[in-house]
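A quick write-up on the structure given underneath.
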Amino acid sequence: MFCFQCQETAKNTGCTIKGVCGKPEETANLQDLLIHVLKGIAVYSEKLAEFGTLDNETCLFTARGLFATITNANWDDARFAAMIREGLERRGRLKDKFLAAYKEKNGKNFDEALHDSATWYSDDDAEFA
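In my numbering, the protein residues as written are 800 to 928.
Now the structure itself:
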């Protein structure tokens, strides 16, 4: 386990065993993965903003996702898994919109490398934690 999400971390460097707050390792891993997925959403949101497109519902989802990861507020692993699945779906839709807009404007496919948060995918909940 590694968790550095709060002020209660051991020596302010992060917990490497069950959190000082009592958070289980699986929950910390799910929170980290949710944040990773939200970063991927941000990658495509920023790319789409260059084309004047903003998805307000996804912006709200991102804010709610970040808030869900605050320490001692939510350790519902099933909820985190559901948010990760929804985030991956939202990221996929943003990706499709961006790729279409890019091709329409530039006459070619987008071929730049993107951060892993924009490309990682799994539909297997067992891989989440």
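The beta carbon of each residue, even a glycine, is placed where N, CA and C say it ideally should be.
Residues bridged to residue i [DSSP beta-bridge criterion]
i, result
"C802", "C814"
Where the alpha helix (DSSP H) through residue i begins and ends
i, result
"A848", "824-848"
"I883", "876-905"
Assigned secondary structure, residue i (DSSP; H/G/I helix, E/B strand, else coil)
i, result
"A912", "coil"
"E807", "coil"
"L853", "coil"
"K861", "Per the sequence shown, residue 861 should be read as Thr rather than Lys. If DSSP states are grouped into helix, strand and coil, T861 belongs with the helices."
"A917", "helix"
"A925", "helix"
Spatial neighbours of residue i in its chain, beta-carbon cut-off 6 Å, leaving aside the 5 residues before and after
i, result
"A928", "E825, N828, L829"
Residue i CB to nearest heavy atom of the ligand GTP below 6 Å
i, result
"A862", "Although the ligand GTP was asked about, the structure shown includes no ligands whatsoever."
Spatial neighbours of residue i in its chain, beta-carbon cut-off 7 Å, leaving aside the 5 residues before and after
i, result
"F924", "Looking at the sequence provided, one finds Asp at residue 924 rather than Phe. Once the five neighbours on either side are set aside, the close Cβ partners of D924 are A880."
"T868", "Q804, Q830, L833, I834"
"T815", "M800, F801"
"L887", "V836, Y920"
Short CB-CB distance (under 7 Å) between residue i and chain C
i, result
"A841", "The question asks about chain C, but that chain is absent: this structure has only one protein chain."
Cβ-based neighbour list, residue i, same chain, cut-off 8 Å, excluding 5 preceding and 5 following
i, result
"K817", "M800, P823, E824"
- Cβ contact check for the segment 868-882 and the segment 903-912: 3 or more pairs under 8 Å: Result no; under three Cβ-Cβ pairs closer than 8 Å.
- Is the segment 833-850 touching the segment 807-814, taking contact as three or more C-beta pairs under 8 Å? Between the segment 833-850 and the segment 807-814, the count of C-beta pairs closer than 8 Å stays below three; the two stretches do not touch.
- Sufficient close CB pairs (3 or more, under 8 Å) joining the segment 845-858 to the segment 889-904: The segment 845-858, when compared against the segment 889-904, does touch it at the 8 Å Cβ threshold.
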